[in-house]
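**Q** Its first residue numbered 448, the sequence shown is counted upward by one per residue in the numbering used here.
For every residue, glycine included, the Cβ atom is placed at its ideal position computed from N, Cα and C.
Quantities reported herein were computed from a predicted structural model and do not represent experimental measurements.
Dropping a structure here in structure tokens format, bear with me for questions.
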Amino acid sequence: MRTYGETIFAEMTRLAVETESVNLGQGFPDTDGPRSLLENASRNILEGVNQYPPGPGRPELRRAVSRYRSRHYGLDFDPDTEVYVTVGATAGIAASLLALVDHGDEVIVFEPMYDSYAAMISLAGGVRRSVALRRDAATGRFTFDPAELRAAVTPRTRLIMVNSPHNPTGTVFTAAELEEIASLCREHDLIAVTDEVYEFLTFDDHRHIPLATLAGMRERTLSISSVGKTFAVTAWKTGWVSGPEPLVRAVRTVNQFLTFSANGALQLAIADALDNEDAWVEEQRAALQGKRDRLAAGLIGAGFDVDMSEGTYFLMADIRPLGYEDGEDVARALPREAGVAAVPAKVFYDHEDEGRHLVRFAFCKRDKVLDEAVARLDRWRSEKG
Ligand code: PMP
Ligand code: GLN
């Protein structure tokens, strides 16, 4: 792990605090989740739900996960054997990769990629084969070249990691894109691990399609999600893995020795919210779409070129129209010079040049916070001339 220093999120948030910057770096909202969720969790703690839950998770949460996957996507999972609760999606990703990737196995990932994938593939002794998502000039969204994806498969390929809605580009994979991935998995007998933590945060007409709903995919896909983004409680670190029994059993075997179990009082409250707070989630989705538009307009006004975001908390901005080339230099200078923190996209790439000119901004903040960030960036730009 020598090549892995402090994560970019920790570094940028520390810099934001030191410089009293508006933090549009690390993706966390600055408002709370639904009142019922917070009250239920507090009550559970006061009423004594404070000892180890079962390793696989409270049955109430496993049943609620099974119900919502069925209600929203028509996917049926046995809550006793096919749903497993983890300490955030992060532990779900860790346990899945440690369980399924052997020394020397190749894992296909799309770059830019969320930072924990690379680290966990390394810890498992696996080898990354990254396929680039590039901005399509016609649509303004990031997508992959199917031929490049096919060329990444070798006899050693074991697994493909799929994150949609995608952090950091905001791409929500279409049915056609998912079918490209699915057909490859079927042809080469690959396992898919999907990171769906932004499943409900999609904009305009874009909607999340789980890879497991495609033909032949349910039996070879582990789907991972978590409470943090859906209910705006990123500190709660409660996630879940769903999939066919043999794959979930493998995750369970590994996770027994990672964390054994996750927080029980929160699990009960989350079960209730998954059943009863669809309207709150829809309101949050609509509000986030407005925030995306607000920040995008502000950044364009401040001279950035902004790419289309179809979901998540994030959008990508190109710094070249401002006369810069390296997003890392800009992101490191912004807190001190402008009082705004963002994340250089380069850190999400294996081939850093692909993302050199891009900076990721989070828009999951109150409108007045977004407006303040834009005002600061405007000032910075005029000072720089
Ligand atoms: N995957 C992606 C794509 C993320 O952006 C994040 C950040 N929340 C996670 C996983 C981690 O989720 P959790 O906080 O539930 O561990
Ligand atoms: N998922 C969040 C992001 O992409 C942060 C997660 C973290 O801090 N590790 O900004």
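Could you tell me the distance, in whole angstroms, from the CA atom of D477 to the CA atom of H635?
**A** 44 Å
**Q** Cβ atoms of V688 and V698: under 8 Å apart, would you say?
**A** For the 8 Å CB-CB criterion, V698 and V688 form a contact.
**Q** Whose C-beta lies closer than 8 Å to the C-beta of D523 among residues of the same chain, with five residues either side of it excluded?
**A** S513, R516, S517
**Q** Suppose you measure from the CA of K812 to the CA of T601; what does that come to, to the nearest Å?
**A** 43 Å
**Q** For V787, which residues of its own chain have a beta-carbon under 7 Å away from its beta-carbon, when the five flanking residues on both sides are left out?
**A** S468, V469, L471, L781, A820, R823, L824
**Q** The ligand GLN and N610: does the residue's C-beta get closer than 7 Å to at least one heavy atom of that ligand?
**A** no
**Q** Nearest by alpha-carbon distance to E801: which of M763, R482, D722, R828 is it?
**A** M763
**Q** In the DSSP output, which residue or residues are listed as bridge partners for P791?
**A** By DSSP's assignment, P791 forms a beta bridge with V806.
**Q** Could you say if the segment 654-672 and the segment 553-565 meet the contact criterion of at least three C-beta pairs nearer than 8 Å?
**A** no
**Q** Applying the 10 Å Cβ sphere with the 16-neighbour rule, what's the burial state of Y451?
**A** Exposed: under 16 other Cβ atoms inside 10 Å.
**Q** Please tell me whether L669 and P612 are closer than 8 Å, where the distance is taken between their beta carbons.
**A** no
**Q** Run the Cβ filter for me: residues under 6 Å from any heavy atom of the ligand GLN, listed in the order they occur in the chain.
**A** T454, F456, Q473, G474, N614
**Q** Counting only runs of 4+ residues fully inside the segment 619-702, write out the alpha helix (DSSP H) ranges in chain order.
**A** 622-635, 674-677, 692-702
**Q** Rounded to a whole number of angstroms, what is the C-alpha to C-alpha distance between P657 and A565?
**A** 22 Å
**Q** Assuming L596 contacts V578 (C-beta within less than 8 Å), just tell me the rounded distance between them.
**A** At roughly 5 Å, the Cβ-Cβ gap stays under 8 Å, so L596 and V578 are in contact.
**Q** Going by the CB atoms, is the gap between V554 and L631 shorter than 8 Å?
**A** no
**Q** Mind reading off the beta-carbon distance from E643 to S672? Whole number of angstroms is fine, and I expect it under 8 Å.
**A** Cβ atoms of E643 and S672 come within 8 Å of each other, at about 5 Å.
**Q** Below 7 Å, is the gap between the Cβ of T681 and the nearest heavy atom of the ligand PMP?
**A** The answer is yes for T681.
**Q** Can you tell me whether DSSP reads V600 as helix, strand or coil?
**A** coil
**Q** Which whole-angstrom value describes the C-beta separation of G474 and F761, a residue pair presumed to lie in contact below a C-beta threshold of 8 Å?
**A** 6 Å
**Q** From H550 to M567, what distance separates their C-alpha atoms?
**A** 12 Å
**Q** Mind checking who A579 pairs with in its DSSP beta bridge?
**A** E558
**Q** Taking the continuous alpha helix (DSSP H) assigned at L544, which residues delimit it?
**A** 535-547
**Q** If you reduce the DSSP assignment to three classes, tell me which class F456 lands in.
**A** helix
**Q** Got a sec: does the ligand PMP put a non-hydrogen atom nearer than 7 Å to the Cβ of G480?
**A** no
**Q** Check the C-beta distance from A789 over to F808 and give it rounded, since I have them as a contact under 8 Å.
**A** 5 Å
**Q** Please classify A778: does DSSP put it in a helix, a strand, or coil?
**A** helix
**Q** My assumption, with CB atoms under 8 Å, is that D651 sits in contact with E757. Please give the rounded CB distance.
**A** With a beta-carbon spacing of about 7 Å, D651 and E757 fall inside the 8 Å limit used to define contacts.
**Q** Under DSSP, the alpha helix (DSSP H) around D814 begins and ends at which residues?
**A** 814-831
**Q** For the alpha helix (DSSP H) holding A390, just list the boundary residues, first then last.
**A** What the structure shows of the chain is the stretch from 448 to 832, and residue 390 is not part of that stretch, so it cannot be assessed.
**Q** Please state the DSSP three-state secondary structure of G737.
**A** helix
**Q** Could you tell me the distance, in whole angstroms, from the CA atom of D752 to the CA atom of V619?
**A** In this structure, the straight-line span from the alpha carbon of D752 to that of V619 is close to 20 Å.
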